[in-house]
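In the numbering used here, the protein residues as written are -10 to 259.
Glycine included, C-beta positions come from ideal geometry on N, C-alpha and C.
Owing to the predicted nature of the structure, the values given are computational and were not obtained by experimental measurement.
Data block below; observations after.
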Ligand code: HEC
Ligand code: HEC
């Protein structure tokens, strides 16, 4: 019994030391290069991306995110189900979606919950009496990329109202909350360390105006929620689920925080 206990204690001390060293290394590398971007101005992640990445985004023929847009267009016009309905049947051409992505996440009147664009699309799938798209699947992201792309170059102009302020405040709280083994909050990187290098990446303001965005490292388009999860994991924190209230609240807070930025969907990032 005593043997076991001391073994356990040694293991725990070992683990603790590892975490300590890790935390030290990380905070050192964060502190080592101070920020050149101390500004109140909102800045797109585009400004922090490498020139080679930017040039891929700038050219629709090179931007692999445009394949998602094209795939979205195909799905938009595809008739499905017993009634043979497509998105086009009720909404007309996909250009009719101009400006729509800028209204999401939005409080849904029936249950007062905040829903994002992907959840809204799946509600129409129900109306069509066809299977809902799987969460974060290629199909749903193709449609949300298509729809967001229709608002490209339109400005973020989110308003906090009586109706949505509860979600705004939850999002704000989560943005400043220290999480994970490293005890890091979003603002510690995306406000306090903007412009610093973190493992060969320049830390941006963590804006979401390019989402859904194409990530070169994963060779695919990802949602805002997926990107937030990736940051959670880097802070060694348990991520909130895709489409959860928490991620929607964070997304809404970050939308307001990004007011003034232009939609870039599909942006290209490392
Ligand atoms: C049977 C008709 C019908 C079909 C088919 C349909 N929708 Fe809808 N859709 C609606 C209605 C009705 C609304 C609600 C309009 C409103 O709230 O003003 C709506 C709303 C939306 C909205 C939110 C618009 C906004 O201004 O907030 C989006 C996005 C959307 N649909 C996408 C799609 C997509 C993508 C498809 C195909 C997968 C689709 N819809 C198929 C009827 C349909
Ligand atoms: C340890 C530092 C760190 C923390 C903490 C962190 N992130 Fe990030 N985040 C990064 C890095 C590095 C990137 C990739 C480079 C960049 O765009 O900043 C990134 C990228 C992003 C992006 C994509 C920006 C773009 O233009 O493509 C978003 C959105 C984001 N983070 C949101 C968050 C949110 C929300 C939180 C808190 C839950 C968070 N991050 C916590 C380091 C961090």
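Query raised in the report: Where does residue 104 sit, in a helix, a strand or coil, going by DSSP?
Result: For the purposes of this step, residue 104 is taken as residue 115 along the chain shown, with counting starting at 1. Note: residue 104 maps to strand in three-state DSSP.
Query - Where residue 265 sits in the DSSP three-state scheme - result: This structure cannot speak to residue 265, because the chain is shown only from -10 to 259.
Query raised in the report: DSSP three-state call for residue 235: helix, strand or coil?
Result: Along the chain shown, one-based indexing puts residue 235 at 246. Looking at residue 235 - three-state DSSP - the assignment turns out to be helix.
Query raised in the report: Which residues, in chain order, sit with a beta-carbon under 6 Å away from any heavy atom of ligand 2?
Result: 34, 37, 173, 175, 177, 178, 179, 187, 190, 192, 193, 195, 196, 197, 199, 202, 216, 217, 220, 221, 223, 224, 239, 258
Query - Helix, strand or coil at residue 96 according to DSSP, with G and I counted as helix - result: The count along the chain shown starts at 1 and reaches residue 96 at position 107. Strand.
Report task. Ignore the nearest five residues each way along the sequence and tell me which others in residue 221's own chain have a CB closer than 8 Å to its CB. Result -> Within the chain shown, numbered from 1, the residue matching residue 221 stands at position 232. These residues qualify, in order along the chain: 168, 169, 227, 228, 229.
Report task. Go ahead and pull the three-state DSSP assignment for residue 186. Result -> For the purposes of this step, residue 186 is taken as residue 197 along the chain shown, with counting starting at 1. In the structure shown, residue 186 sits in a strand (DSSP, three-state: E or B).
Query - Residue closest to residue 93, alpha-carbon to alpha-carbon, out of 204, 256, 198, 205 - result: Translated into the one-based positions of the chain shown, residue 93 becomes position 104. Among 204, 256, 198, 205, the Cα nearest to that of residue 93 belongs to 198.
**Report entry** Three-state secondary structure assigned by DSSP to residue 31
**Finding:** Here residue 31 is taken as the residue at index 42 of the chain shown, counted from 1. DSSP places residue 31 in coil when its eight states are reduced to three.
Report task. Output the distance between the C-alpha atoms of residue 68 and residue 76, rounded to the nearest integer angstrom. Result -> Within the chain shown, numbered from 1, the residue matching residue 68 stands at position 79. Within the chain shown, numbered from 1, the residue matching residue 76 stands at position 87. Whole-angstrom Cα-Cα distance: 8 Å.
Query raised in the report: Using the C-alpha atoms, what's the distance from residue 117 back to residue 72?
Result: For the purposes of this step, residue 72 is taken as the residue at position 83 of the chain shown. For the purposes of this step, residue 117 is taken as the residue at position 128 of the chain shown. Each residue's alpha carbon lies about 8 Å from the other.
Query - Any chain C beta carbon closer than 7 Å to residue 35 - result: Here there is only one protein chain, and chain C is not present.
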